[in-house]
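For the record, in the sequence shown the residue sitting at position 588 is 587 according to numbering that gives the first Met the number 0, with numbers rising by one throughout.
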Amino acid sequence: MATLIAAVLALLPAQDAGAAGACISPADCLSKMTLAEKAGQMTQPSWDSLKSKTDITTYGLGSLLSGGGGGPNGAGGTATQWKAMVDDFQSYALKSRLGIPLLYGIDAVHGNNNIAGATVFPHNIGLGSTRDAALVQQVEDVTRQEVLGSGIRWAFAPCLCVARDDRWGRTYESFGEDPSVGSALAGAAVAGFQGASLSSTSVLATAKHWVGDGGTTYGTGSSGYLIDQGDARITEAELDAIHVPPYTQAIAAGVGSAMVSYSSWNGVKNHGNTYLITNKLKGAQNFKGFVVSDWAGVKQLPDSTYAAQVAHAVNAGIDMIMVPDIYVETINAIVAGVNGGQIPLSRVDDAVTRILTAKFGLDLFNTPYTDSSYTAGVGSAAHRAVARQAVRESQVLLKNDGVLPLAKTGTYKIVVGGKHADNIGNQMGGWSISWQGASGATTTGGTTFWQALQQQVAGTGITVTNVGTRTKGNYKADVGIWVGGETPYAEGQGDSSTLAFGSDNSAALSDICSRVTKCIAILESGRPVIIKDQVVKANAFVAAWLPGTEGGGLVDNLFGSGYTGKLPMSWPSAVTDEPINTGDAKTPLFAFGYGRSPY
Numbered sequence: 000m001a002t003l004i005a006a007v008l009a010l011l012p013a014q015d016a017g018a019a020g021a022c023i024s025p026a027d028c029l030s031k032m033t034l035a036e037k038a039g040q041m042t043q044p045s046w047d048s049l050k051s052k053t054d055i056t057t058y059g060l061g062s063l064l065s066g067g068g069g070g071p072n073g074a075g076g077t078a079t080q081w082k083a084m085v086d087d088f089q090s091y092a093l094k095s096r097l098g099i100p101l102l103y104g105i106d107a108v109h110g111n112n113n114i115a116g117a118t119v120f121p122h123n124i125g126l127g128s129t130r131d132a133a134l135v136q137q138v139e140d141v142t143r144q145e146v147l148g149s150g151i152r153w154a155f156a157p158c159l160c161v162a163r164d165d166r167w168g169r170t171y172e173s174f175g176e177d178p179s180v181g182s183a184l185a186g187a188a189v190a191g192f193q194g195a196s197l198s199s200t201s202v203l204a205t206a207k208h209w210v211g212d213g214g215t216t217y218g219t220g221s222s223g224y225l226i227d228q229g230d231a232r233i234t235e236a237e238l239d240a241i242h243v244p245p246y247t248q249a250i251a252a253g254v255g256s257a258m259v260s261y262s263s264w265n266g267v268k269n270h271g272n273t274y275l276i277t278n279k280l281k282g283a284q285n286f287k288g289f290v291v292s293d294w295a296g297v298k299q300l301p302d303s304t305y306a307a308q309v310a311h312a313v314n315a316g317i318d319m320i321m322v323p324d325i326y327v328e329t330i331n332a333i334v335a336g337v338n339g340g341q342i343p344l345s346r347v348d349d350a351v352t353r354i355l356t357a358k359f360g361l362d363l364f365n366t367p368y369t370d371s372s373y374t375a376g377v378g379s380a381a382h383r384a385v386a387r388q389a390v391r392e393s394q395v396l397l398k399n400d401g402v403l404p405l406a407k408t409g410t411y412k413i414v415v416g417g418k419h420a421d422n423i424g425n426q427m428g429g430w431s432i433s434w435q436g437a438s439g440a441t442t443t444g445g446t447t448f449w450q451a452l453q454q455q456v457a458g459t460g461i462t463v464t465n466v467g468t469r470t471k472g473n474y475k476a477d478v479g480i481w482v483g484g485e486t487p488y489a490e491g492q493g494d495s496s497t498l499a500f501g502s503d504n505s506a507a508l509s510d511i512c513s514r515v516t517k518c519i520a521i522l523e524s525g526r527p528v529i530i531k532d533q534v535v536k537a538n539a540f541v542a543a544w545l546p547g548t549e550g551g552g553l554v555d556n557l558f559g560s561g562y563t564g565k566l567p568m569s570w571p572s573a574v575t576d577e578p579i580n581t582g583d584a585k586t587p588l589f590a591f592g593y594g595r596s597p598y
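Right under this line is the structure:
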């Protein structure tokens, strides 16, 4: 069948690649397209699954993506290398019969986090702590610029999940447990990516993951996970009250795409749920953009063949299939589904019209290649200053027994330790250069807490020592600062049955606090972990979430900027409290909305 499609396309009249007038509107394009070309527009492989770059031309592929770590030469790669790769792929799309440009997608979920040298912001849980819509818009505007600088025009962000159980490995992708937090920030995030409307300087935003993935029941996870990709066993009233509101705001802001969740709603996989996608999202919510599946999500549908899975998903309302590998089979399935009567041609035409409308909105037909004026700004000082502000505003001060703020002058000694103190990888968490992230040095640039502290005290009478992870030893200080927490993870691989603080973190915190006069704990984590027995060890305790590349923001608050962050999650006393959320009559260790300010 692949050979047949290629042969049929080859017989059609050739057009100058990307020539003006080859395709002047979505309707004009649609009227000129073959069924196979329409199916190509609905198909999104990962670039590293391409058998040949010429397949972009042959099959008229509508989109490509990079998964986590999918850079030009594996994980990382500079913006210049990325734009060269993406522009090269684009050149093959423009050689297709109608010259319809590619729409390239990437998970820019806390900055353009796959790119070496990019500015990496706090994850959404930290941004939710800020309650600052203007800042969130600024964060995503910087992300937009750094995505454009790498040649990409589509970001799989913002995540609008409302995380209701902290044991979920994607908790940090959520702005907060209550829809009031995400709803207040969703429109701002979309505006940061897209502007007031789509244009040649926009990055298409994605509202994800539709819908209820933050409400799955612990123990129902699929793909071997505890809770991720699980079943949201909730009523429609709860779905509407808790999980839908952030999407309503994103749609009102004009979000151009939506991604379907891997999860299920009362036993039915979302990827095949016509009611959720067609009736609710496109109908009741009046979403006018296009709907994309998640990575290989269509393959999780219960149908017996891949062709049947594709027909099921398309008929349910999915417009573009993130394959990510078997793209020829996907095109064949769509074509065969229409020809065999399993997929209405009207459904395909609607899907392709939605995709083409986004491409025309982005002015891709006139500006298909990278605007290199953005490339030099990737990781710039101005962008990192925005990230540093986001770090300052995202931290939540849980405890302070008169230790903070630290004096900027005078003569005293600080000792620092813990596995995050000088570890940029731990500081960023998952979705950082690679899918799962990694501890240690990375190619992002940025500043660790320890580096920032040294810069802060330079030229003063304050002396600083870093004992690293070897916190046992013969040392003393006026102030001790422990910086530790969770090591990087992403998605279901971060699902936890314990939310444990960790014996290594506990020992290091005890070691440092026992050797100093005043002790400060800075916890970097993707969610609340169990700290009831740890808070008592320190005089001050800070929830810093996963701050990203700009550790200077952590230090700023210690020395007088003050804390403004408020908890976007209820903090459990024990894992047995889970799920715990505001309004459920459970007593948390620290309540939703709590945060000492300024000290």
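Backbone N, C-alpha and C define an ideal beta-carbon position, used for all residues, glycine too.
Residue burial is scored here from C-beta neighbours: residue 338 has fewer than 16 other C-beta atoms within 10 angstroms and is therefore classed as exposed. By the criterion of a C-beta distance shorter than 6 Å, residue 224 is surrounded in its chain by 491, 494, once the five residues flanking it on both sides are discounted.
Secondary structure of residue 43 (DSSP, three-state): strand.
Comparing alpha carbon positions, the residue from 108, 415, 178, 115 closest to residue 469 is 415.
Under DSSP, residue 583 takes part in no beta bridge, so it has no partner.
Distance from the CA atom of residue 53 to the CA atom of residue 87, rounded to whole angstroms, is 11 Å. Between the stretch 178-190 and the stretch 125-144 there are three or more C-beta pairs closer than 8 Å, enough to call the two in contact. Boundaries of the beta strand (DSSP E) around residue 397: 395-399. Going by C-alpha positions, residue 563 is about 52 Å away from residue 29. Around the C-beta of residue 466, 16 or more other C-beta atoms lie within 10 Å, and the residue is accordingly described as buried. DSSP places residue 305 inside the alpha helix (DSSP H), whose first and last residues are 305-315. Residue burial annotation: residue 23 is exposed, with fewer than 16 other C-beta atoms found within 10 angstroms of its C-beta. Residue environment for residue 426: buried (at least 16 other C-beta atoms within 10 angstroms of its C-beta). Cβ-Cβ separation between residue 310 and residue 336: approximately 4 Å, consistent with a contact (criterion under 8 Å). Between residue 65 and residue 122, the alpha-carbon positions lie close to 20 Å from each other.
Assignment of residue 229 by DSSP, reduced to helix, strand and coil, places it in the coil class. Every alpha helix (DSSP H) of 4 residues or more that sits fully in the stretch 338-403 is shown, in chain order, as 344-360, 380-393. For residue 431, the closest of 139, 51, 108, 386 by C-alpha to C-alpha distance is 108.
Assigned with DSSP and collapsed to three states, residue 575 falls in helix. Residue range 256-259 is occupied by the beta strand (DSSP E) that includes residue 258. DSSP places residue 183 in the helix class (H, G or I) of the three-state scheme. Using a C-beta cut-off of 8 Å, the stretch 495-503 makes contact with the stretch 158-167, since at least three inter-stretch Cβ pairs fall below that distance. Residue range 515-523 is occupied by the beta strand (DSSP E) that includes residue 523, with no alpha helix (DSSP H) assigned at that position. When DSSP reads this structure, residue 65 sits in a beta bridge with 105.
With a beta-carbon spacing of about 14 Å, residue 395 and residue 519 fall beyond the 8 Å limit used to define contacts. In its chain, beyond the 5 residues on either side, 110, 141, 145, 378, 382, 383, 386, 548 have a beta carbon closer than 7 Å to the beta carbon of residue 118.
In the structure shown, the three-state DSSP call for residue 145 is helix.
Counting along the chain, the unbroken alpha helix (DSSP H) around residue 123 starts and ends at 123-129. Residue 333 sits in a helix when the DSSP states are folded into three classes. Around the beta carbon of residue 407, a 10 Å sphere encloses fewer than 16 other beta carbons of the protein chains shown; the residue is thus reported as exposed. The Cβ neighbour count for residue 454, taken over all protein chains shown within 10 Å, is under 16; the residue is labelled exposed.
Non-local beta-carbon contacts of residue 530 in its own chain, meaning distances under 6 Å to residues more than five positions away in sequence, involve 500 in chain order.
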